[in-house]
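The block underneath contains the structure these notes are about, expressed in structure tokens.
Residue numbers (this note's numbering): -7 to 394.
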């Protein structure tokens, strides 16, 4: 049922227990755990066997998977594939040829996922939940402003360096999905969340915009804070049904303020990632600097001898290794790293990818570099955004909330 995501699922279970639920989650608590987790990922250990787990752990993991994760996987797949369909039908392409693979109508979406697609989504879900356990809001609480328990640039390093870059994007796709859903809910029903809501019980003195969710200085923070509580509140609101009163009751129960440590990676400017790796370059960074080939090796699970990045990732970086996330969030809307090549081709999504990127970066020809193709020699030209002259101004700030 969990396959290679078992190590991620077990990490989620571990961080749902003390000490992570009872102590301040600072560097001394978080870093050793993530180092152990990273070692299991790198050595491809599947985590403990069922014989090694307590009955309590097995029941908790099984319940979370079947009751929370599995239903959201299906809803996420329908949402993202619907976005592909809508883009293909309405996109004003800037390319000289029309898409030759028209996406299915949104009302007739095929959501039968391949084993690889399901594993990518599942892995992203569990890693998002793990991130929320370590850095997100445990409960509603009160706004906390000031120094974070872990410096934000260290959070970026701790999390980003755990995964291959396309696997990091799997996690960011899920984080983006959670944010989009809570943004829609909070904007739609924001006028009904005011000073009577438990959200504002511990907010003192009253903020200048008042105790109301629709206030300009509130909604962005609450969206981030509620998303940072992870999959359980998201599941509750997704499956709340059409009862308006029930939905508002749920919002009163789950809306939360963000922690200082929770970073919405879809809103992080490139400056911060480059700042981190100036002094903390990993082997993956060096692979990028050396412009190592990263061909499309077919869909499936990577192993130590054969990396299998998804088709969209290979297209975007022209078959070269890249350890950065720089593209805008239009790609996250359709979960671009989740899909097999056959689905990318059949839906016309490769044309969306090309169209969205033409004016962003000079990617040139859009193609799947194959391990069977001869790699051409080329000179590496450092992109403008690698410049050491980047200034720490307002335009390069790290956005964690609104």
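We put the beta carbon where it would ideally sit given N, CA and C, even for glycine.
Consult DSSP for residue i and reduce its assignment to one of helix, strand or coil.
{"i": "residue 285", "result": "strand"}
{"i": "residue 160", "result": "helix"}
{"i": "residue 205", "result": "coil"}
{"i": "residue 141", "result": "coil"}
{"i": "residue 235", "result": "coil"}
{"i": "residue 220", "result": "coil"}
{"i": "residue 123", "result": "helix"}
{"i": "residue 128", "result": "coil"}
{"i": "residue 335", "result": "helix"}
{"i": "residue 329", "result": "helix"}
{"i": "residue 74", "result": "helix"}
{"i": "residue 185", "result": "coil"}
{"i": "residue 174", "result": "helix"}
{"i": "residue 250", "result": "coil"}
{"i": "residue 106", "result": "coil"}
{"i": "residue -5", "result": "helix"}
{"i": "residue 167", "result": "helix"}
{"i": "residue 20", "result": "helix"}
{"i": "residue 290", "result": "coil"}
Quick one: what's residue i bridged to in DSSP?
{"i": "residue 295", "result": "298"}
{"i": "residue 343", "result": "None, per the DSSP bridge assignment."}
{"i": "residue 279", "result": "DSSP, once it has assigned bridges, lists no residue as partnering residue 279."}
{"i": "residue 312", "result": "285"}
Roughly how many angstroms separate the alpha carbons of residue i and residue j, rounded to a whole number?
{"i": "residue 251", "j": "residue 269", "result": "24 Å"}
{"i": "residue 22", "j": "residue 60", "result": "25 Å"}
{"i": "residue 183", "j": "residue 205", "result": "7 Å"}
{"i": "residue 142", "j": "residue 149", "result": "11 Å"}
{"i": "residue 189", "j": "residue 247", "result": "9 Å"}
{"i": "residue 67", "j": "residue 103", "result": "9 Å"}
{"i": "residue 33", "j": "residue -3", "result": "10 Å"}
{"i": "residue -7", "j": "residue 151", "result": "25 Å"}
{"i": "residue 225", "j": "residue 218", "result": "8 Å"}
{"i": "residue 171", "j": "residue 185", "result": "18 Å"}
{"i": "residue 260", "j": "residue 20", "result": "25 Å"}
{"i": "residue 481", "j": "residue 65", "result": "Because residue 481 is not part of the residues shown, which for the chain are -7 to 394, the question remains open."}
{"i": "residue 147", "j": "residue 138", "result": "16 Å"}
{"i": "residue 291", "j": "residue 191", "result": "45 Å"}
{"i": "residue 108", "j": "residue 193", "result": "45 Å"}
{"i": "residue 110", "j": "residue 244", "result": "33 Å"}
{"i": "residue 11", "j": "residue 126", "result": "11 Å"}
{"i": "residue 91", "j": "residue 140", "result": "Low confidence applies here, because residue 91 scores a pLDDT of 32, under 50, leaving its location unreliable; read the following figure in that light. Distance between the alpha carbons of residue 91 and residue 140 is about 47 Å."}
{"i": "residue 284", "j": "residue 313", "result": "6 Å"}
{"i": "residue 210", "j": "residue 286", "result": "43 Å"}
{"i": "residue 77", "j": "residue 340", "result": "9 Å"}
{"i": "residue 27", "j": "residue 3", "result": "12 Å"}
{"i": "residue 89", "j": "residue 257", "result": "Low confidence applies here, because residue 89 scores a pLDDT of 26, under 50, leaving its location unreliable; read the following figure in that light. Roughly 34 Å separates the two Cα atoms."}
{"i": "residue 242", "j": "residue 249", "result": "15 Å"}
{"i": "residue 279", "j": "residue 240", "result": "49 Å"}
{"i": "residue 159", "j": "residue 112", "result": "8 Å"}
{"i": "residue 14", "j": "residue 180", "result": "34 Å"}
{"i": "residue 50", "j": "residue 128", "result": "24 Å"}
{"i": "residue 227", "j": "residue 277", "result": "36 Å"}
{"i": "residue 308", "j": "residue 18", "result": "36 Å"}
{"i": "residue 215", "j": "residue 58", "result": "26 Å"}
{"i": "residue 289", "j": "residue 16", "result": "43 Å"}
{"i": "residue 338", "j": "residue 47", "result": "44 Å"}
{"i": "residue 322", "j": "residue 169", "result": "12 Å"}
Is the CB of residue i under 7 Å away from at least one CB in chain D?
{"i": "residue 60", "result": "The structure shown contains no chain D; it holds only a single protein chain."}
In or out: residue i buried (at least 16 other Cβ within 10 Å) or exposed?
{"i": "residue 253", "result": "buried"}
{"i": "residue 70", "result": "exposed"}
{"i": "residue 74", "result": "buried"}
{"i": "residue 173", "result": "buried"}
{"i": "residue 335", "result": "buried"}
{"i": "residue 315", "result": "buried"}
{"i": "residue 176", "result": "exposed"}
{"i": "residue 95", "result": "Residue placement at residue 95 is poorly supported in this model, since its pLDDT is 33, which falls under 50; the coordinates still yield a value, given next. With 16 or more Cβ atoms within 10 Å of its Cβ, residue 95 is classed as buried."}
{"i": "residue 42", "result": "exposed"}
{"i": "residue -5", "result": "exposed"}
{"i": "residue 131", "result": "exposed"}
{"i": "residue 299", "result": "exposed"}
{"i": "residue 231", "result": "exposed"}
{"i": "residue 0", "result": "buried"}
{"i": "residue 342", "result": "buried"}
{"i": "residue 54", "result": "exposed"}
{"i": "residue 72", "result": "buried"}
- prompt: How about the stretch 163 to 175 and the stretch 290 to 297: do they share at least three Cβ pairs that are nearer than 8 Å?
  reply: no
field: Three CB pairs or more closer than 8 Å across the stretch -1 to 7 and the stretch 111 to 121
entry: yes
message: Within 8 Å, do at least three Cβ pairs link the stretch 110 to 118 to the stretch 225 to 245?
response: no
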